[in-house]
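Accompanying notes for the structure given below.
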């Protein structure tokens, strides 16, 4: 059974989902790929420990307290291809308040897989399908020229999240 609950945030409603004591989703209402890959029925559960933990983390995040993604070690379970999971693992390494380009992620993954190169566009596709927004920080990925290109939740939300983190951003 998938449990869910809504969280009211400064950027709008966020749906949190857990399954088998793992966090499987954090989606902003109206974001592209909302509930993508979820085929099972869901049940609202405000008392699920994973949902409670996620809400606490989000509360601290939106207060600017810099909660650590390591608090979710062993309980993040995004559903996707092996390639997408590789990309999402790389996203978890981006420090709070910092940004990285799609191309830099592509180079890192190519190197780890002993490949000469990898498509930044393919990385962008995986970043866009991240089902655990904010916690797996896809909002920290920017275009090669520093532009705030692409964000499944909307560029306005990406800007707000980066502002919360006091990231040095270029609004193009």
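Numbering (my numbering), first residue to last: 10 to 181. C-beta: ideal position from N, C-alpha, C; glycine also.
Item: Of the residues 141, 104 and 125, the one placed nearest residue 171, counting alpha carbons only; Value: 104
Item: Contacting residues, own chain, Cβ-Cβ under 7 Å from residue 78 (five flanking each side not counted); Value: 101 and 144
Item: Residue 110 beta carbon less than 8 Å from that of residue 99; Value: no
Item: Residue(s) in a DSSP beta bridge with residue 27; Value: 12 and 32
Item: For residue 75, the nearest candidate out of 130, 164, 34 and 106 (CA to CA); Value: 106
Item: Contact under 8 Å by Cβ, residue 178 with residue 164; Value: no
Item: Interface flag, residue 86 vs chain B, CB-CB below 8 Å; Value: As a matter of chain content, chain B is missing from the structure shown, which is built from one protein chain.
Item: Nearest residue (CA-CA) to residue 150, options 115, 57, 66 and 119; Value: 115
Item: Closest Cα partner of residue 97 within the set 162, 50 and 136; Value: 136
Item: Opposing strand residues paired with residue 67 [DSSP bridges]; Value: Paired residue(s): none; residue 67 is not in a bridge.
Item: Residue nearest to residue 88 in terms of C-alpha spacing, selected from 50, 112, 132 and 27; Value: 27
Item: Nearest residue (CA-CA) to residue 23, options 108, 29, 39 and 31; Value: 39
Item: 8 Å Cβ cutoff met for residue 57 and residue 12; Value: yes
Item: Pick from 119, 53 and 153 that is closest to residue 108, judged by C-alpha positions; Value: 153
Item: Assigned secondary structure, residue 21 (DSSP; H/G/I helix, E/B strand, else coil); Value: strand
Item: Assigned exposure category for residue 34 - 16 Cβ within 10 Å defines buried; Value: buried
Item: Nearest neighbour of residue 70, chosen from 30, 126, 20 and 59 [CA to CA]; Value: 20
Item: Nearest to residue 130 (by Cα), restricted to the options 113, 67, 55 and 46; Value: 113
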